[in-house]
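Undergrad: Protein chains in written order, with numbering that gives the first Met the number 0: chain A, 0 to 407; chain B, 0 to 407. Once you've had a glance at the structure underneath, I'll fire off some questions.
2 protein chains.
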Amino acid sequence: MEHMSVPHFLGVLVVMLGAAKLGGALAKAVGQPSVLGELVAGVFLGASVLGLVDPKVEAIHLLAELGVVILLFAIGLETDLTKLLKVGGASAAVAVAGVVLPFAMGYGVCRVMGLPNLAAIMAGATLTATSVGITARVLSDLGRLQEPESQVVLGAAVIDDIVGLIILTVVVGLTRGESVTPGGVAMTTGIAFGFLVAILVLGSFVVPPLFRLAGRIDLPGTATILAVMLAFGLAWLADRAGSALIIGAFAAGILLARTPQAHEVEKGVTVLGHFFVPLFFISVGAAVDVRVFNPLDSANHQTLLLGGLLIAVAVASKFAAGYAPFWFKGKKSVIGVGMIPRGEVGLIFAQMGLASGVLDAGLFGAVTLMVMVTTFIAPPLLKALFPAKHPGQPPAEPEGIENLVSMP
Amino acid sequence: MEHMSVPHFLGVLVVMLGAAKLGGALAKAVGQPSVLGELVAGVFLGASVLGLVDPKVEAIHLLAELGVVILLFAIGLETDLTKLLKVGGASAAVAVAGVVLPFAMGYGVCRVMGLPNLAAIMAGATLTATSVGITARVLSDLGRLQEPESQVVLGAAVIDDIVGLIILTVVVGLTRGESVTPGGVAMTTGIAFGFLVAILVLGSFVVPPLFRLAGRIDLPGTATILAVMLAFGLAWLADRAGSALIIGAFAAGILLARTPQAHEVEKGVTVLGHFFVPLFFISVGAAVDVRVFNPLDSANHQTLLLGGLLIAVAVASKFAAGYAPFWFKGKKSVIGVGMIPRGEVGLIFAQMGLASGVLDAGLFGAVTLMVMVTTFIAPPLLKALFPAKHPGQPPAEPEGIENLVSMP
Numbered sequence: 000m001e002h003m004s005v006p007h008f009l010g011v012l013v014v015m016l017g018a019a020k021l022g023g024a025l026a027k028a029v030g031q032p033s034v035l036g037e038l039v040a041g042v043f044l045g046a047s048v049l050g051l052v053d054p055k056v057e058a059i060h061l062l063a064e065l066g067v068v069i070l071l072f073a074i075g076l077e078t079d080l081t082k083l084l085k086v087g088g089a090s091a092a093v094a095v096a097g098v099v100l101p102f103a104m105g106y107g108v109c110r111v112m113g114l115p116n117l118a119a120i121m122a123g124a125t126l127t128a129t130s131v132g133i134t135a136r137v138l139s140d141l142g143r144l145q146e147p148e149s150q151v152v153l154g155a156a157v158i159d160d161i162v163g164l165i166i167l168t169v170v171v172g173l174t175r176g177e178s179v180t181p182g183g184v185a186m187t188t189g190i191a192f193g194f195l196v197a198i199l200v201l202g203s204f205v206v207p208p209l210f211r212l213a214g215r216i217d218l219p220g221t222a223t224i225l226a227v228m229l230a231f232g233l234a235w236l237a238d239r240a241g242s243a244l245i246i247g248a249f250a251a252g253i254l255l256a257r258t259p260q261a262h263e264v265e266k267g268v269t270v271l272g273h274f275f276v277p278l279f280f281i282s283v284g285a286a287v288d289v290r291v292f293n294p295l296d297s298a299n300h301q302t303l304l305l306g307g308l309l310i311a312v313a314v315a316s317k318f319a320a321g322y323a324p325f326w327f328k329g330k331k332s333v334i335g336v337g338m339i340p341r342g343e344v345g346l347i348f349a350q351m352g353l354a355s356g357v358l359d360a361g362l363f364g365a366v367t368l369m370v371m372v373t374t375f376i377a378p379p380l381l382k383a384l385f386p387a388k389h390p391g392q393p394p395a396e397p398e399g400i401e402n403l404v405s406m407p
Numbered sequence: 000m001e002h003m004s005v006p007h008f009l010g011v012l013v014v015m016l017g018a019a020k021l022g023g024a025l026a027k028a029v030g031q032p033s034v035l036g037e038l039v040a041g042v043f044l045g046a047s048v049l050g051l052v053d054p055k056v057e058a059i060h061l062l063a064e065l066g067v068v069i070l071l072f073a074i075g076l077e078t079d080l081t082k083l084l085k086v087g088g089a090s091a092a093v094a095v096a097g098v099v100l101p102f103a104m105g106y107g108v109c110r111v112m113g114l115p116n117l118a119a120i121m122a123g124a125t126l127t128a129t130s131v132g133i134t135a136r137v138l139s140d141l142g143r144l145q146e147p148e149s150q151v152v153l154g155a156a157v158i159d160d161i162v163g164l165i166i167l168t169v170v171v172g173l174t175r176g177e178s179v180t181p182g183g184v185a186m187t188t189g190i191a192f193g194f195l196v197a198i199l200v201l202g203s204f205v206v207p208p209l210f211r212l213a214g215r216i217d218l219p220g221t222a223t224i225l226a227v228m229l230a231f232g233l234a235w236l237a238d239r240a241g242s243a244l245i246i247g248a249f250a251a252g253i254l255l256a257r258t259p260q261a262h263e264v265e266k267g268v269t270v271l272g273h274f275f276v277p278l279f280f281i282s283v284g285a286a287v288d289v290r291v292f293n294p295l296d297s298a299n300h301q302t303l304l305l306g307g308l309l310i311a312v313a314v315a316s317k318f319a320a321g322y323a324p325f326w327f328k329g330k331k332s333v334i335g336v337g338m339i340p341r342g343e344v345g346l347i348f349a350q351m352g353l354a355s356g357v358l359d360a361g362l363f364g365a366v367t368l369m370v371m372v373t374t375f376i377a378p379p380l381l382k383a384l385f386p387a388k389h390p391g392q393p394p395a396e397p398e399g400i401e402n403l404v405s406m407p
């Protein structure tokens, strides 16, 4: 863990924020979602190119995580629970198919390529979890967050994150040589889903009166800071309860969306998001090591071949999962494409696999390549399938969440 | 350096923000500036009472420093350079007297108490630097930031910070056994003051056109993030140039105060400040170890006696310095009292002294006691001498900087 002085920290933040602004503005100039520009800017700042940003440094890592927590909180604030539940069946179908298909196909491909059982399981697992942050951000960039297709994707990505967490628990158990019982898996599953339901039910009784009370405190900034405390607090609680941080933050947003302070909170959280959210996307980009993709180095050929196969599996399987809710009337292709980016969740899996020795450097490189390509192709694909609703028009409400996420 | 997990980090932030809110609201309820409540809340959270917040953990330390950088930036945004320069002579007189008197008196008292020469120099040095953050925050809490007295205090505290930096450089040289030449001291002085002048002169040509240009980028949040980048960037540059971080942040605020985006930037920075600034004051409070002040433990008697003497010197010398600009027409008592709090700067000196072995645990405890008492008595004293301008009335503009600093 590298020690960081205050001036160095300030310098790194200036570089990260500046690169995010520049990358976002350039992406927008060529008609792409700004998040793509932030990711590319992050790759340039990372260890394998300029070496200016190391996302593994604790302070940077923690700020980036605040960014994804605040992003999911902001997305939750924009989410209408009734709307989300209305497409709940479709979301669940997409999520289940989007876990089973990639895992099975990824495992199969790895076994055919002659990899050991545990490595194939790990690689299959990295293919399962969609990065809700990237897709949500792109849908917001396009002003499409309220469409039914987006709601299905959002719901599926959240369920998917919970399922990913369960798989992670199981896989970690396997790598440690522990025996995994169906009862244990069922318990992990129950806790993860039970947390979300319990929070939403309990919270809908507790949170609105709490914020009505807080509304009487005549002090500026109170609502936003209380909202941030709720988001961080539920994120912490979600983790303690065996669920995922971002599930807690998302639940906090959904709960606050129905309070009278929702608009004030949204304005404040948007400003905080302008600061924190780009730090997350820059960090995701900076974690990519571009050196393992050099095709001129023959040592990389096996990695590139395996990576290519994993990319094909990753894209095809999630795209197919989009068609699982056969009854859903809407653009199913949008749903499938929205589920493609694997982002940080896949990288966490891959890093755990590398650290535990289950994945060797080559397989790790292949998984990284898959994560990177799926993350980078989804924004332009989504934009092509699902063009921005009011192209060229300024957003109706310049201080809403849409702008948090469309900021370059 | 303790490693921190993301959930733990979120939990600590919730505790810090919640304690700051609660402490600030309670202080306000008993008619005190809310910053006092935040400091007391910090003491409760610190290692010596509840042990929930360790301000030495890197991530907490870095966020707290972002808080003081953002606070000084916000104060700079509220500062009219012409007004500040108008009272420049008075500020300089207060600053010089406010360094010479405390140092001479502190050194004298320590020598009389039988302390070695180097320890007496170090203790004298800790008495010199006023904590501009605390005074500025209190003056803002009282809605008095624009008064001539406040401008004198602000100017003096900034000069004082630069002088404190020079003294620190010299003292560090002495503790390392280096020879300190008048030429070296003159150079340090020249760099420190030269930086501020150079930045203000160069910046007044470069910054307004830059922000006019940036104003054409039609993307929400851009102005605030560019402003934050300027503040962090100049803070970094100030440090590299041998000046102080907060001088750079303050200069950035002064420069931006004259751009057309000043109002938008102020709103955004206020929201960021609501999040970051309390983390700084909680951290200052949490650094206090209350155990060394237990009068029932006879081991603490020497510390308490020496601490009492240092407090008397600290209060009397800065109060007297307030009368140095004899030509200034205004409440000179307010100026003197405004210069009393030593805060984090004094603690930095003391910690360096302890680490280098120049201060023993007893003298360190006495210095900590002095820092704590001066920090805690200034807010109520200032409020008594300089009552809030519109008591009981809501602020005219609820989104201005005044509210950043009056937030509980």
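Yeah, the Cβ is synthetic: ideal placement off N, Cα and C, and Gly gets one too.
Residues of the region 260-273 of chain B with a CB closer than 7 angstroms to any CB of chain A: list them in chain order, please.
TA: Here the close residues are G267, V270, L271 and H273.
Undergrad: Check whether chain B comes within 8 angstroms of A:M351, counting only Cβ atoms and requiring the distance to be less than that.
TA: So, not an interface residue.
Undergrad: Using a cut-off of 8 angstroms between C-beta atoms, extract the partners of A:K55 located in chain B.
TA: The contacting residues do not exist; A:K55 stays about 12 angstroms from chain B at best.
Undergrad: Alpha carbon to alpha carbon, how far is B:A387 from B:Q31?
TA: Rounded to whole angstroms, B:A387 to B:Q31 spans 10 angstroms at the Cα level.
Undergrad: For a contact meaning CB atoms closer than 7 angstroms, what does A:K328 contact in chain B?
TA: Ordered by position in chain B, no residue passes the 7 angstroms Cβ test against A:K328, which lies about 34 angstroms from the chain.
Undergrad: So which residues of chain A does B:D238 contact, with C-beta pairs closer than 7 angstroms?
TA: Those within 7 angstroms of B:D238 in chain A are P6.
Undergrad: How should B:R239 be labelled, buried or exposed, when 16 other C-beta atoms within 10 angstroms of its C-beta is the threshold for buried?
TA: Counting Cβ neighbours within 10 Å, B:R239 comes out exposed, since fewer than 16 surround it.
Undergrad: Check each residue of the region 305-330 of chain B: if its Cβ is closer than 9 angstroms to any Cβ of chain A, include it; give the result in chain order.
TA: Against chain A - using a Cβ distance shorter than 9 angstroms - the region 305-330 of chain B contributes no residues.
Undergrad: Can you tell me whether A:K331 is buried or exposed, with buried defined as 16 or more other CB within 10 angstroms of its CB?
TA: Flag for A:K331 reads buried.
Undergrad: Does B:A58 have its Cβ less than 8 angstroms from a Cβ in chain A?
TA: Cβ-Cβ to chain A under 8 angstroms: yes for B:A58.
Undergrad: Rounded to whole angstroms, what's the CA-CA distance from B:S242 to B:V67? Just pull it up for me.
TA: Straight-line Cα distance between these residues: approximately 16 angstroms.
Undergrad: Starting from A:F325, follow the alpha helix (DSSP H) in both directions and report where the run begins and ends.
TA: Where A:F325 is concerned, there is no enclosing alpha helix (DSSP H), given that its DSSP letter is neither H nor E.
Undergrad: How many angstroms separate the CA atom of A:L21 from the CA atom of A:L80?
TA: Answer to the nearest angstrom: the Cα atoms are 35 angstroms apart.
Undergrad: Given that A:L38 touches chain B, what residues does it touch there, using C-beta distances under 9 angstroms?
TA: Those do not exist, as A:L38 stays about 18 angstroms from chain B at its closest Cβ, beyond 9 angstroms.
Undergrad: Would you say A:E64 faces chain B, with C-beta separation under 8 angstroms as the test?
TA: At least one chain B Cβ lies under 8 angstroms of A:E64.
Undergrad: Are the beta-carbon atoms of B:L346 and B:A63 separated by less than 8 angstroms?
TA: It is not a contact, given that the beta carbons lie outside the stated cut-off.
Undergrad: Going by alpha carbons, who is nearest to A:M15 out of A:P340, A:A311, A:L61 and A:F274?
TA: Residue A:F274 is the option with its Cα nearest to A:M15.
Undergrad: How about A:V409: is its C-beta nearer than 8 angstroms to some C-beta of chain B?
TA: Beyond the ends of chain A as shown, which are 0 and 407, falls residue 409 of chain A; an answer cannot be given.
Undergrad: Taking 8 angstroms as the threshold, find out whether the region 322-342 of chain B comes into contact with the region 88-104 of chain B through three or more Cβ pairs.
TA: At 8 angstroms Cβ cutoff, the stretches touch.
Undergrad: Measure the C-alpha to C-alpha separation of B:F210 and B:T168 and round it to an integer number of angstroms.
TA: Straight-line Cα distance between these residues: approximately 36 angstroms.
Undergrad: Can we say the region 45-55 of chain B touches the region 4-18 of chain B, given the rule of at least three CB pairs closer than 8 angstroms?
TA: Yes, they touch.
Undergrad: When DSSP labels each residue in this structure, what does B:R257 get in the three-state scheme?
TA: Coil at B:R257, not helix or strand.
Undergrad: What's the C-alpha gap between A:G132 and B:L44?
TA: In a straight line, the C-alpha of A:G132 is about 34 angstroms away from that of B:L44.
Undergrad: Name, please, each residue of chain B whose Cβ falls closer than 8 angstroms to the Cβ of A:L61.
TA: Per Cβ cutoff of 8 angstroms: M3, V5, F8 and A58.
Undergrad: Anyone know if the C-beta pair for A:P261 and A:G247 falls short of 8 angstroms?
TA: With the sequence shown as reference, residue 261 of chain A is identified as Ala, and Pro is not the correct amino acid for it. Result no, Cβ atoms of A:A261 and A:G247 do not sit closer than 8 angstroms.
Undergrad: Can you tell me whether DSSP reads A:F43 as helix, strand or coil?
TA: Note: A:F43 maps to helix in three-state DSSP.
Undergrad: Count the CB pairs spanning the region 360-373 of chain A and the region 121-137 of chain A that are closer than 8 angstroms, and state whether there are at least three.
TA: These segments touch.
Undergrad: Can you list, in chain order, the residues of its chain with a C-beta nearer than 8 angstroms to that of A:N293? Leave out the 5 residues immediately preceding and following it.
TA: Here the set comprises N299.
Undergrad: Can you tell me which of the three DSSP states A:L78 falls into?
TA: Inspection of the sequence shows that residue 78 of chain A is occupied by Thr rather than by Leu. Three-state DSSP puts A:T78 in coil, outside helix and strand.
Undergrad: Assign B:H2 to one of two classes, buried (16 or more other C-beta atoms within 10 Å of its C-beta) or exposed (fewer than that).
TA: By the neighbour-count rule (16 or more Cβ atoms within 10 Å), B:H2 is not buried but exposed.
Undergrad: Report yes if the C-beta distance between A:T423 and A:A213 is below 8 angstroms; otherwise report no.
TA: This structure gives no information on residue 423 of chain A, because the portion of chain A shown stretches from 0 to 407.
Undergrad: Locate the alpha helix (DSSP H) running through A:M3, then write down its first and last residues.
TA: From DSSP, A:M3 is part of no alpha helix (DSSP H); its letter is neither H nor E.
Undergrad: Shorter than 8 angstroms from the beta carbon of A:L244 to some beta carbon of chain B?
TA: So yes, A:L244 belongs to the interface.
Undergrad: Roughly how many whole angstroms lie between the Cα atoms of B:L61 and A:Q350?
TA: For B:L61 and A:Q350, the distance between alpha carbons rounds to 27 angstroms.
Undergrad: Return the CA-CA distance between B:V137 and B:L173, expressed in angstroms with no decimal places.
TA: Going by the C-alpha atoms only, they are around 35 angstroms apart.
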